[in-house]
Structures are given as structure tokens and as C-alpha cells.
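Q: Protein chains in written order, with our numbering: chain X, 71 to 336; chain H, 394 to 687.
Backbone N, C-alpha and C fix where the C-beta goes; we use that ideal spot for every residue, glycine too.
Since this is a predicted model, take the numbers as computed values, not measurements.
There's a structure below that I have some questions on.
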Amino acid sequence: MSAAVEISGASLAFGGRTLWSGLDLTVQPGEFLAILGPNGSGKTSLLKILLGLQQLSAGSWRMASDRPVGYVPQQRAMQEALALRGVDLVGLGLDGHRWGLGLFGLAERRRRVAAAIESVGAQAYAKSPVGRLSGGEQQRLRVAQALIGEPDVLLCDEPLASLDLAHQRAVSALIDRRRREADTAVLFVTHELNPVLSYVDRVLYLVDGRFRIGTPDEVMNSKTLSELYRTKVEVIRVGGQIHVVGTQSALCEDEAHHLGVEERVS
Amino acid sequence: MDKLFDFGLTGQLLAQPFVQTALLAAAVLGLVAGMLGPLIVTRRMSFAVHGTAELAFTGAAGALLLGIGVEYGALAGSVIAALLLGLLGGRESDRDSVIGVILSFGLGLGVLLLTFYPGRTSNKFGILIGQIVSIDSTNIVVLIAAAVVVLLVLAVIYRPLLFSSVDPHVAAARGVPSRLLSVVFAVLVGIATALGVQIVGSLLVVSLMVTPAAAAVRVTASPWRATLLAVLFAEIAALGGIILSLAPGVPVSAFVTAISFLIYLVCRLIAYRRSRASRISAPDVARVPSAVGR
Numbered sequence: 071m072s073a074a075v076e077i078s079g080a081s082l083a084f085g086g087r088t089l090w091s092g093l094d095l096t097v098q099p100g101e102f103l104a105i106l107g108p109n110g111s112g113k114t115s116l117l118k119i120l121l122g123l124q125q126l127s128a129g130s131w132r133m134a135s136d137r138p139v140g141y142v143p144q145q146r147a148m149q150e151a152l153a154l155r156g157v158d159l160v161g162l163g164l165d166g167h168r169w170g171l172g173l174f175g176l177a178e179r180r181r182r183v184a185a186a187i188e189s190v191g192a193q194a195y196a197k198s199p200v201g202r203l204s205g206g207e208q209q210r211l212r213v214a215q216a217l218i219g220e221p222d223v224l225l226c227d228e229p230l231a232s233l234d235l236a237h238q239r240a241v242s243a244l245i246d247r248r249r250r251e252a253d254t255a256v257l258f259v260t261h262e263l264n265p266v267l268s269y270v271d272r273v274l275y276l277v278d279g280r281f282r283i284g285t286p287d288e289v290m291n292s293k294t295l296s297e298l299y300r301t302k303v304e305v306i307r308v309g310g311q312i313h314v315v316g317t318q319s320a321l322c323e324d325e326a327h328h329l330g331v332e333e334r335v336s
Numbered sequence: 394m395d396k397l398f399d400f401g402l403t404g405q406l407l408a409q410p411f412v413q414t415a416l417l418a419a420a421v422l423g424l425v426a427g428m429l430g431p432l433i434v435t436r437r438m439s440f441a442v443h444g445t446a447e448l449a450f451t452g453a454a455g456a457l458l459l460g461i462g463v464e465y466g467a468l469a470g471s472v473i474a475a476l477l478l479g480l481l482g483g484r485e486s487d488r489d490s491v492i493g494v495i496l497s498f499g500l501g502l503g504v505l506l507l508t509f510y511p512g513r514t515s516n517k518f519g520i521l522i523g524q525i526v527s528i529d530s531t532n533i534v535v536l537i538a539a540a541v542v543v544l545l546v547l548a549v550i551y552r553p554l555l556f557s558s559v560d561p562h563v564a565a566a567r568g569v570p571s572r573l574l575s576v577v578f579a580v581l582v583g584i585a586t587a588l589g590v591q592i593v594g595s596l597l598v599v600s601l602m603v604t605p606a607a608a609a610v611r612v613t614a615s616p617w618r619a620t621l622l623a624v625l626f627a628e629i630a631a632l633g634g635i636i637l638s639l640a641p642g643v644p645v646s647a648f649v650t651a652i653s654f655l656i657y658l659v660c661r662l663i664a665y666r667r668s669r670a671s672r673i674s675a676p677d678v679a680r681v682p683s684a685v686g687r
């Protein structure tokens with residue numbers, strides 16, 4: 071089976087600062103890879119590279135599929151009066167990047183949008199204005215928006231941030247189901263591993279240009295993380311959850327990640 | 394004002410060719426303004442429209458002084474304004490102040506240009522508050538041609554423009570060229586504004602470009618339906634405004650703005666009643682789909 075994503079000898083530098091270098095990473099179809107690390111460690115940049123929005127400083131990467139990747143962003147507040155319904159949001163994931171009005175094949179489009187919405191169980195609120203939905207409802211629609219193009223690679227940038235526990239579970243279960251049913255490779259940037267721990271096959275942990283790749287057991291232990299952070303870090307497992315104690319300042323990150331959208335011009 | 398209900402006079406005036414030309418111009422403008430409006434509202438560009446209109450005034454004043462067609466001056470002014478705002482106001486944090494700076498400078502310059510103009514004062518006043526009777530058969534050809542260009546370009550960029558307007562982060566992730574689209578859209582708005590200046594005047598262009606769309610998005614969340622409603626509202630305001638202004642002989646803009654404001658109030662009232670109704674039937678508003686947009 072050929073790899074869904076293959077990154078070799080990759081490095082990324084901004085100005086004089088190297089975010090990471092010598093990164094070799096292969097993600098198999100259907101694999102769930104969690105990408106962890108403190109702020110500024112280049113997690114989101116890695117996604118940007120795979121989205122084609124940024125270039126590697128060295129090395130190369132390739133994807134097996136030429137279908138567009140799916141992308142699930144972090145939940146953000148939307149204008150309450152925004153003229154956009156759930157169905158419109160999901161539909162934009164299908165063809166929003168294409169030129170023209172898209173007046174042909176409307177019936178087929180409607181069928182696909184409805185199927186995508188059904189697959190995430192969002193029928194009840196799909197025709198409501200998105201700005202009035204809860205964060206969890208919005209993120210369900212985001213998953214449908216990302217999956218409607220039937221991607222072979224799904225890139226998730228902190229999709230669970232600012233969701234309550236129930237919605238964190240629901241949204242991560244939807245992503246897990248997709249990769250099991252359709253063999254979609256999932257690259258999941260997160261600062262909180264526990265909500266997805268039961269799904270994660272491997273972890274890529276980035277700290278200050280250093281990184282480790284391996285199963286959660288191989289990476290999420292006191293020895294490995296202490297080496298990565300170059301300071302004493304304690305990893306404690308409580309009730310199937312992993313808690314990292316030590317470099318609080320480095321590990322606790324609540325700041326939002328951004329995909330560097332150019333601000334609009336009037 | 395008792396002439397307002399002088400239907401005989403209104404009927405006579407409606408038969409005049411210059412009034413029919415004016416109605417055609419207003420219909421074209423209503424269509425363009427309604428098509429662009431929901432995107433202007435979503436992108437929070439109301440103030441930019443106003444700023445662009447003031448520069449259209451500057452351009453028109455300059456054209457008046459030079460003795461060339463006011464419509465060309467307005468067009469040049471508003472396209473330059475759109476490009477300036479696009480280049481200087483790239484960051485959202487800067488945008489508000491950049492518009493204020495350009496708007497006031499343009500208005501001042503326009504006033505200066507007008508003081509040098511030796512012609513009639515009604516021409517001067519007309520650029521500010523609209524003077525639809527001045528549209529003749531050459532104007533109308535230019536107006537229709539410009540409108541066709543705007544609508545064609547809009548049709549080509551519509552989907553990615555909507556995407557980057559309502560969902561900028563995912564649109565960027567999908568490779569939608571947001572920066573380019575913003576500049577192109579600003580130029581389209583500039584052209585449409587220049588058309589509007591000839592009918593409602595530069596001070597009140599917002600009443601056709603923004604108010605109908607702002608009313609439409611109150612009552613529907615569907616982008617398509619919002620666009621259809623915005624066109625409908627803009628047509629009612631533009632055509633209705635002209636017809637009502639005929640008999641009393643007051644500037645068109647007074648009625649255009651009044652009608653569009655009235656439509657806006659009605660739409661707000663509808664939205665308010667709907668949200669109250671859904672709150673009464675469902676205490677947990679966030680979980681239950683509201684009736685808006687159906």
C-alpha cells in the first residue's frame with residue numbers, strides 16, 4: 071500500500087530561525103496522526119505546506135492522491151447576521167474555490183450536500199444561519215464541509231479547541247469514523263491529546279526544532295518529553311488519560327492558531 | 394407636498410422620454426446594486442462604499458470643470474478610490490481610518506473644483522444629491538455597458554468571492570486568491586457606485602448599494618435568496634423613488650432613501666418577530682433551528 075502522505079528530509083525556516091529540519095514522515099491511508107507541540111513549533115506551518123500555501127525550505131513532500139485535501143479549521147465566532155446557512159457552508163467545501171456561478175449540476179450538488187450533512191447528523195440545523203449555531207454544531211458542519219470532496223487526506227487544525235467535552239467527543243468520533251470507512255489519512259494538529267487519544271495511531275511531537283514520531287506510548291512518556299523539552303517533564307497517566315506536568319509555560323497553550331489569511335481589502 | 398398625489402401630473406411625466414430613460418437607468422442600477430449588496434454587507438464595506446462615492450463626486454466635479462462627461466469623471470474617481478482603498482487599506486485594522494482620510498480629502502478637493510466651475514449651481518448640487526433628469530441617451534449606453542461588465546465579472550468570481558467573504562480561513566486553505574478578489578470586487582463596487590452617483594448622488598449612494606441588502610439579510614440567511622431580495626428591494630426603492638418624485642419635483646434621492654429605509658425597518662421588524670416566536674416555542678435557542686432562512 072503506498073503512503074498517503076510522504077515527507078522526506080523536510081525543513082522549514084523563517085528568516086534565520088529553523089522551525090524544524092530533517093523531518094521524515096510517512097502517513098498511511100487510514101492512519102490517524104496527532105501533531106503536538108508548543109506554540110510556534112511549526113505545527114500549523116506543516117499543515118500549510120500540505121495545503122500548498124507555504125514552501126519547504128528544504129526537502130520534499132508528496133501525496134498519493136490528486137484529489138483535494140479536506141481541511142477542518144478551528145472553531146471561530148461567526149457574525150450572527152451572516153447570510154449563510156449550514157448547507158451553504160458545506161456546499162462551499164465542494165465547489166467554493168471554482169470560478170463561475172456553478173449553475174450546472176445543481177441537483178447532484180444538492181444531493182451530495184445533503185448526504186454530507188446527514189453523515190455528520192446535522193440535518194436538524196443545516197438550514198439555520200451558521201452564526202446562530204453553537205460551536206459544536208458549527209464544527210460538525212465543518213467536518214461535513216471538509217469531507218464532501220471525499221478527500222484521501224484530512225488536515226485538521228485544532229478542530230476541538232473551544233468545544234465542550236461532549237462536542238469534542240462527537241466531532242473526533244466523526245473524523246475517526248471517516249478514516250475507518252474511507253481509509254482517509256488524518257493529520258490532526260492539537261494541543262490537547264486526550265480527546266482523541268483512543269483514535270491516535272501515532273504522534274508527531276514538535277518542540278523547538280526537535281521532534282519525535284511514534285505511538286502515543288513511545289512519545290508520551292517522561293523520558294522522551296524531557297529530552298524534547300530539555301528539562302524535566304513528568305508524564306502521568308490517569309484513567310486512560312495523559313497528563314503532562316512540568317513545562318507548564320511551554321505546554322499550556324490556549325492561543326488560537328491562524329492559517330495566515332490575508333485580511334480583506336475594501 | 395400636495396403634488397405628491399397628483400396622479401395626472403405623474404402620468405403625464407411618465408410619458409416623457411427623459412423620464413423613461415431615467416427609469417431605465419434606475420432599473421439597471423437597482424439590479425447591479427442588489428447583486429453586489431449582500432457581498433458588500435457580508436464584507437462590511439458600507440463605509441468603503443460611502444468613501445468611494447465621495448471620490449466619485451471629486452471625479453465628477455473635475456469632469457464638470459474640464460467640460461467632459463460627468464459620468465466619466467465619476468467612474469474615474471470611484472475606480473481610483475477603490476484601488477486606493479484596496480492598496481492602502483489592506484489590513485482590517487487600518488481600513489476604517491484609511492477610508493475616513495481618503496473620503497474627507499476627496500470631498501474637500503471636489504468642493505474646491507466646484508468653486509472654479511462657472512456653470513449653474515444646480516449642476517453642482519446634482520452630483521451630490523442626484524439629478525436623474527440629466528441622464529440622456531449617451532449616458533444610458535455607457536451606464537448599461539458598465540453594468541453589463543460588472544455583472545459579467547461578478548458572475549465569473551462569484552463563488553470564490555462568496556467563499557472568501559463568508560469563510561475566509563477555509564477559502565484561503567483551499568487556495569482561493571482572497572487578496573486579488575478583494576481588489577477586483579472593490580473595483581466592481583467602484584463602477585457601480587459611479588453609476589449610482591448619477592441617480593441618487595454621491596451622498597446617498599449607500600441607500601441603494603447597502604440598505605436593500607442589509608434589509609434582505611435580516612430576513613433570509615440564504616445567499617441566493619438574499620441577493621434576489623436585495624435586487625427586488627433596490628428596484629422598488631429606485632423606481633418607486635423616481636415615480637414619487639415626479640409630481641412634487643423634488644430630488645429623486647429623497648424618496649429613494651425613504652423607501653429603502655422603510656423596507657429596512659419592515660425587515661428588521663419581521664426578523665424581530667420571528668426570533669421572538671422561536672424563543673417562545675423553544676427556550677434553548679442555540680440548539681433548536683430557528684425559522685430564519687427557511
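(1) From I187/X, H237/X, E228/X, pick the residue whose C-alpha is nearest to that of I204/X; which is it?
(2) Reducing DSSP to helix, strand and coil, say where H167/X ends up.
(3) Among V645/H, G430/H, L622/H, V543/H, which one has its Cα closest to the Cα of I592/H?
(4) Of all Cβ atoms in chain H, is any one closer than 8 Å to the Cβ of L116/X?
(5) What are the boundary residues of the beta strand (DSSP E) that includes R300/X?
(6) Would you mind telling me which residues of chain X sit closer than 8 Å to G568/H, beta carbon to beta carbon, in chain order?
(7) Whole angstroms is fine: what's the gap from A80/X's alpha carbon to L95/X's?
(8) For the structure I just gave you, are there three or more beta carbon pairs, one from the stretch 536-545 of chain H and one from the stretch 410-426 of chain H, closer than 8 Å?
(9) Counting contacts by CB-CB distance shorter than 8 Å, is Y299/X in contact with chain H?
(10) Determine which residues of the stretch 528-552 of chain H have a Cβ less than 8 Å from any Cβ of chain X, and write them out in chain order.
(11) Could you tell me which chain H residues have their CB closer than 9 Å to the CB of R239/X, listed as they occur along the chain?
(12) Spatial neighbours of K197/X within its chain, please: C-beta separation below 7 Å, excluding the five flanking residues on both sides.
(13) What residue range does the alpha helix (DSSP H) around Q215/X cover?
(14) In the DSSP output, which residue or residues are listed as bridge partners for D227/X?
(15) Distance, Cα to Cα, G91/X vs V75/X?
(16) Tell me, please, whether the CB atom of Q405/H is closer than 8 Å to any CB atom in chain X?
(17) Do the CB positions of V277/X and S292/X come within less than 8 Å of each other?
(18) Indicate the three-state DSSP secondary structure (helix, strand or coil) for G642/H in the structure shown.
(19) If the criterion is Cβ atoms closer than 8 Å, does the pair A467/H and A449/H meet it?
(20) Which bits of chain A does F556/H rub up against, with CB to CB less than 7 Å?
(21) Using a Cβ-Cβ cut-off of less than 7 Å, list which residues of the stretch 441-452 of chain H approach chain X; keep chain order.
(22) Could you name the residues of the same chain whose beta carbon sits closer than 7 Å to that of S595/H, not counting the 5 residues immediately before and after it, in chain order?
(23) Along chain H, which residues have their Cβ under 8 Å away from the Cβ of Y141/X?
(24) Which of helix, strand or coil does DSSP assign to Y510/H?
(25) Just how far apart, CA to CA, sit A619/H and V610/H?
(26) What is the rounded straight-line gap between the Cα of G172/X and the Cα of A627/H?
(27) Under three-state DSSP, which class holds G466/H?
(28) Which residue's Cα is closest to the Cα of L407/H: V649/H, S471/H, A651/H, L632/H?
(29) For a contact defined as C-beta to C-beta under 9 Å, what are the partners of A456/H on chain X?
(30) Determine which residues share a DSSP beta bridge with H313/X and list them.
(31) Is there a Cβ from chain H that is less than 8 Å from the Cβ of G20/X?
(32) For the stretch 598-623 of chain H, which residues have a CB atom closer than 8 Å to at least one CB atom of chain X, in sequence order?
(33) Round the Cβ separation of I312/X and L267/X to the nearest angstrom and send it over; I've been treating them as touching at under 8 Å.
(34) Does V559/H come within less than 8 Å of chain X when only Cβ atoms are used?
(35) Mapping DSSP to helix, strand and coil, what is E150/X?
(36) Going by Cα to Cα distance, which pick from V563/H, S486/H, A607/H, P561/H is closest to L658/H?
A: Let me lay it out:
(1) The identity of residue 204/X in the sequence shown is Ser, whereas the question assumes Ile. Measuring from the Cα of S204/X, the nearest candidate turns out to be H237/X.
(2) Residue state, collapsed to three classes: coil.
(3) It is V645/H.
(4) No, L116/X does not count as interfacial toward chain H.
(5) First-last for R300/X: undefined, no H or E at that position.
(6) The CB of G568/H comes closer than 8 Å to the CB of L121, G122, L123, H167 in chain X, given here in chain order.
(7) When rounded, the distance between both Cα atoms is 9 Å.
(8) Taking 8 Å as the limit for Cβ pairs, the verdict is that the stretch 410-426 of chain H does touch the stretch 536-545 of chain H.
(9) When Cβ-Cβ separations below 8 Å define contact, Y299/X makes no contact with chain H.
(10) Along the stretch 528-552 of chain H, the positions whose C-beta sits under 8 Å from a C-beta of chain X are A548, V549, I550, Y551, R552, read in chain order.
(11) Result: empty, since nearest Cβ-Cβ is about 17 Å, beyond 9 Å.
(12) The answer, listed in chain order, is R155, G156, V157.
(13) It spans 205-217 - the alpha helix (DSSP H) in which Q215/X sits, taken as one unbroken run.
(14) V259/X.
(15) In the sequence as presented, Gly is not what sits at residue 91/X; that position holds Ser. Inter-residue distance for S91/X and V75/X is about 17 Å (C-alpha atoms, whole angstroms).
(16) Residue contact with chain X for Q405/H: absent (no Cβ-Cβ distance below 8 Å to any residue of chain X).
(17) At a Cβ-Cβ threshold of 8 Å, V277/X and S292/X do not count as neighbours.
(18) When DSSP states are grouped into helix, strand and coil, G642/H belongs to the coil group.
(19) Yes; because the gap between Cβ atoms is below 8 Å, this pair is in contact.
(20) Structure shown: chain A not included; protein chains present are X and H.
(21) When C-beta distances to chain X are compared with 7 Å, the residues of the stretch 441-452 of chain H below that value are A441, in chain order.
(22) If we look at S595/H and ignore the five residues flanking it on each side, its Cβ neighbours are A446, E447, A449, F450, I520, L521.
(23) Residues of chain H passing the Cβ test: V563, A566, R567.
(24) Three-state DSSP puts Y510/H in coil, outside helix and strand.
(25) Distance between the alpha carbons of A619/H and V610/H: 6 Å.
(26) Going by the C-alpha atoms only, they are around 25 Å apart.
(27) Looking at G466/H - three-state DSSP - the assignment turns out to be helix.
(28) Closest option to L407/H, Cα to Cα, is L632/H.
(29) The contacting residues do not exist; A456/H stays about 24 Å from chain X at best.
(30) I306/X, per the DSSP bridge assignment.
(31) The structure shown has nothing for residue 20/X, since chain X only spans 71 to 336.
(32) Within the stretch 598-623 of chain H, the residues whose Cβ lies closer than 8 Å to some Cβ of chain X are A609, V610, R611, T613, A614, S615, P616, A619, listed in chain order.
(33) Confirmed, about 7 Å.
(34) It does: the Cβ of V559/H has a partner Cβ on chain X nearer than 8 Å.
(35) Here E150/X carries a coil assignment [DSSP, helix/strand/coil].
(36) L658/H has its Cα closest to that of A607/H, out of V563/H, S486/H, A607/H, P561/H.
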